[in-house]
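Inspection log for the structure reproduced underneath, given as structure tokens.
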Amino acid sequence: MAGERDLERVFSDKIDRLAAGDESKIDPAAEEKIRTELDFARKMISLAPEPSAEFKADLKARLLHELAEQEAEARTADRWNWLRTLLPRQRAWQVAAAMLFVVVAGGILWSTGILRPETAPPPGTVLTAQADTSKTAYRPGEPVKIEVALKNVTSEPFTIKQFPPILSLMQTETRQPVYTFAGGKSDRTLAPGESAEFVLNWDQLDDRGNPAPGGEYYLELEDLDSPGGSVQLNFTRPVHFDILRGTSFSTEIQEMFDQAGATSIPAPHINIGL
Amino acid sequence: MFGPRSQPDTGNEKVSRSPAEAFAELYEQFMPKVFKYVSYRVSDTHVAEDLTSTVFEKALTKFKTYDARKAAFSTWIFSIARNALIDHYRTTGREQTVELDHASSVPSGNPSPDDELVRLEEFRRLRHCLSKLSQHEQEIVSLKFGAEMNNRQIAGTLGLGESNIGTIIYRAVGKLRDCFKRWQNGR
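As you go down the protein sequences, you meet chains A and B in turn. Going by the numbering used here, the first sequence opens with residue 645, and the numbers climb by one from there. Going by the numbering used here, the second sequence opens with residue -10, and the numbers climb by one from there.
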């Protein structure tokens, strides 16, 4: 019995070594007795499947992304916790603080035009334009989705040449275009009261292909050419969005992963601004 | 802030680094082992990949609460893996014998396509022989050959005596060898 237990122990130890790529002998005599079992154990080790490189990289990219999102959430929670320390404890003062917050927030939203009802278009308007972005703030490298709707507010059909029209993404700070979507190649005729929508996706690269700087942006449509003269296209409500500034946190994480022997990760999935 | 309550062990060594670095290193070290362990317990490579993903996603979620003072990371991650397998069996019924997907396994040492087919067929046969063992034996063999745990770690994960583990492994490998040999002789 003791002898068999010894063989079992040697067998297990040997498997551990074989799995680590170590072929050195522990106990030559004992190993000879269990040679058949050890040979089969070698075979089992050699047959063990490895994960594909593609799967390994994809999973790591997803985990990296989740890790970065957790970090971002934690930072947001920290900010809220700090804010809570500023709130008064007495109930009456909490109510007063809440009302003050509502008034201030409402004023800010009103100034951005979000709360203002749409006013009737000025006389002579042919098309009204409305737009929305999928978010108000984006991380560097995060795709910006823009939905635009043009409406014919006249009583006659109107043809938009080169639909969709040229749209520029303007940097608020410089009031200069950073990227311009070229106009379409086909015409589109709108019946009276009809709307036409289109969606644009911006990868945050400027017209030269470089990453756009952080900061606030707004949309601007180029006036349309028409037989009767140019047609102004102004948004009924200004459309703004932000690209967050700061060092890319995920770049640090990517470097850490790379140092651990990782493969690189596609940038759009991981870039996050602090 | 994201991170475990104390620095995790990687191979029984204390590491003083950020939680993100620690998790990255642990991923590189343990992901192949988790995949192998799961591959021993399910017969479909796509399922093995799904379960491996599930294990690490859960590990990431729980990483904040992982305490290296209470358990080694290997014990912790494979507890998650075992629970993921239990959940899988509950939803799908017990293990089903499904052919391995040839395209999903990585050959070792770049063998020729014929060698790769032989290897995959042999693993499929090994899986079949493994399914003839008791659930207990399957679990221990998978932790030994898949997760590459030593007997002490297996004992800690399963709550068993270390010497019992050695006996079970020795006898189970003998049974697997006999089953495999019968298949080879019958070809």
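C-beta: ideal position from N, C-alpha, C; glycine also. Predicted, not measured: the structure shown is a model, and the values here were computed from it.
Name the chain A residues that come within less than 7 Å of residue 140 of chain B, Cβ to Cβ?
-> Locating residue 140 of chain B in the second sequence gives position 151, counting from the first residue. At a C-beta separation below 7 Å, residue 140 of chain B has these neighbours in chain A: 656.
Are the C-beta atoms of residue 201 of chain B and some chain A residue less than 8 Å apart?
-> Because chain B here runs from -10 to 176, residue 201 of chain B falls outside it and cannot be looked at.
Could you check which residue in A:883, A:838, A:698, A:707 has the C-alpha nearest to that of residue 791 of chain A?
-> Taking the first sequence and counting its residues from 1, one reaches residue 791 of chain A at position 147. Out of A:883, A:838, A:698, A:707, A:883 has the C-alpha closest to the C-alpha of residue 791 of chain A.
Touch test, the segment 660 to 678 of chain A against the segment 16 to 25 of chain B, Cβ-Cβ under 8 Å, three pairs minimum = By the Cβ rule, the segment 660 to 678 of chain A does not count as touching the segment 16 to 25 of chain B, because fewer than three pairs are nearer than 8 Å.
Which bits of chain B does residue 675 of chain A rub up against, with CB to CB less than 9 Å?
-> Working through the first sequence from its first residue, we reach residue 675 of chain A at position 31. Within 9 Å Cβ-Cβ: nothing; residue 675 of chain A doesn't reach chain B, min ~13 Å.
Members of the segment 43 to 59 of chain B near chain A, C-beta cut-off 8 Å = Within the segment 43 to 59 of chain B, the residues whose Cβ lies closer than 8 Å to some Cβ of chain A are 45, 46, 49, listed in chain order.
Closer than 8 Å at the beta carbon, the chain A residues around residue 133 of chain B | What you label residue 133 of chain B is simply residue 144 of the second sequence in a count that begins at 1. Taking the beta carbon of residue 133 of chain B as reference, the chain A residues within 8 Å of it are 656, 659, listed in sequence order.
Does the pairing of the segment 743 to 757 of chain A with the segment 833 to 846 of chain A give three or more beta-carbon distances under 8 Å?
-> In short, these stretches do not touch, since the Cβ pair count stays below three.
Residues of chain B with a CB under 8 Å from the CB of residue 669 of chain A: which are they?
-> What you label residue 669 of chain A is simply residue 25 of the first sequence in a count that begins at 1. Listed by position along chain B, the residues whose Cβ is nearer than 8 Å to that of residue 669 of chain A form an empty set, because the closest Cβ is around 18 Å away.
In terms of DSSP beta bridges, what is residue 792 of chain A paired with?
-> Counting from one through the first sequence, the residue named residue 792 of chain A turns up at place 148. Paired residues: A:775, A:842.
With a threshold of 7 Å, establish whether the CB of residue 122 of chain B neighbours any heavy atom of the ligand HEM.
-> This structure lacks the ligand HEM, and indeed carries no ligand of any kind.
Do we get a CB-CB distance below 8 Å when we pair residue 689 of chain A with the residues of chain B?
-> Taking the first residue of the first sequence as 1, we reach residue 689 of chain A at position 45. Against chain B, the CB of residue 689 of chain A has a partner CB under 8 Å away; the residue lies at that interface.
Apart from the five residues on each side of it in sequence, which residues of its chain come closer than 7 Å, Cβ to Cβ, to residue 68 of chain B?
-> Taking the first residue of the second sequence as position 1, residue 68 of chain B is located at position 79. Exclusion of the five residues before and after residue 68 of chain B leaves 146 as the residues of its chain whose Cβ lies within less than 7 Å of its Cβ.
Which runs of the alpha helix (DSSP H) fall wholly inside the segment 5 to 33 of chain B and span at least 4 residues, in chain order?
-> Counting only runs of 4 or more, we get 8 to 30.
So what does DSSP say about residue 713 of chain A, is it helix, strand or coil?
-> By 1-based counting over the first sequence, the position of residue 713 of chain A is 69. Here residue 713 of chain A sits in helix by DSSP.
Check the Cβ-Cβ distances between residue 34 of chain B and every residue of chain A, and say whether any is below 8 Å.
-> As a working mapping, residue 34 of chain B is identified with position 45 in the second sequence. At a cut-off of 8 Å, the C-beta of residue 34 of chain B has a neighbouring C-beta in chain A.
Give me whichever residues DSSP pairs with residue 823 of chain A in a beta bridge.
-> Sequence index remark: in the first sequence, residue 823 of chain A carries index 179 (1-based). A:813, per the DSSP bridge assignment.
Spatial distance of residue 896 of chain A from residue 725 of chain A (CA atoms) = Looking up residue 896 of chain A in the first sequence gives position 252. Looking up residue 725 of chain A in the first sequence gives position 81. At residue 896 of chain A the pLDDT is 49, less than 50, meaning the model places this residue with poor confidence and gives no usable figure here.
Look at the Cβ atom of residue 655 of chain A, then the Cβ atom of residue 159 of chain B, and state whether they are nearer than 8 Å.
-> In the first sequence, counting from the first residue as 1, residue 655 of chain A sits at position 11. In the second sequence, counting from the first residue as 1, residue 159 of chain B sits at position 170. In contact: residue 655 of chain A and residue 159 of chain B (Cβ atoms closer than 8 Å).
Could you tell me if residue 801 of chain A is buried or exposed, where buried requires 16 or more neighbouring beta carbons within 10 angstroms of its beta carbon?
-> Here residue 801 of chain A refers to the residue found at position 157 of the first sequence. Within a 10 Å sphere around the beta-carbon of residue 801 of chain A sit fewer than 16 other beta-carbons, which makes this residue exposed.
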